[in-house]
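Enquirer:
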Amino acid sequence: MIESGNKKLIQRGDSVMSVDVGRRIAERRTEAGLSQRDLENLTGISQSTLYRIESGGRPARMDDVISIAWALGCPVEAILDENPVRDRVLVAGRANTSTADAAAVKNRLTQFLEMDAYLALHGIGA
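Using this note's numbering, the first residue of the sequence shown is number -12, and each one after it goes up by one.
1. Leaving out five residues before and five after residue 60 in sequence, what residues of the same chain have Cβ atoms less than 8 angstroms from its Cβ?
2. Nearest to residue 34 by CA position, among 22, 52 and 102, is which residue?
3. With DSSP collapsed to three states, give me the class of residue 82.
4. Would you kindly work out how many angstroms separate the C-alpha atoms of residue 66 and residue 110, rounded to a whole number?
5. Which residue's Cα is closest to the Cα of residue 55: 103, 106 and 8?
6. Could you pull the start and end residues of the alpha helix (DSSP H) that residue 33 belongs to?
7. If you draw a straight line from the alpha carbon of residue 44 to that of residue 57, how long is it in whole angstroms?
8. So the alpha helix (DSSP H) residue 58 belongs to, where does it begin and stop?
In structure tokens form, the structure reads like this:
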């Protein structure tokens, strides 16, 4: 295990992945109301492989991440945590405090900006 800034990374062979990728996949899957078996049917990735990815026992290949993101209707960045939207929220909201109201505002603003980025990526304008 290596550390990069404040993120812990696992290195396996030639790939490096965030420890939290599996957790984020599980969170998004749960938010979508899907079981691992449901996600297997949507992606073609076996339930046992999904379990290993979510539990951190196996790194997710990029093609796995893309298939999972597509099936869950979320951007790949939401799973990989490569999220410039979050940085935009901190700047735009100027609410980098720990209050519950500020956190709720940042969460909601992040959701709107992620949706905007997703729609823009797919050529859907307002």
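Think of the CB as a built atom: it goes at the ideal place given N, C-alpha and C, for glycine as much as any other residue.
Expert: So, to answer that:
1. 19
2. 22
3. The pLDDT assigned to residue 82 is 49, lower than 50, so where the model puts this residue is not dependable; a value taken from the coordinates is nonetheless given after this. DSSP places residue 82 in coil when its eight states are reduced to three.
4. 21 angstroms
5. 8
6. No alpha helix (DSSP H) holds residue 33; DSSP gives it neither H nor E.
7. 22 angstroms
8. 49 to 59
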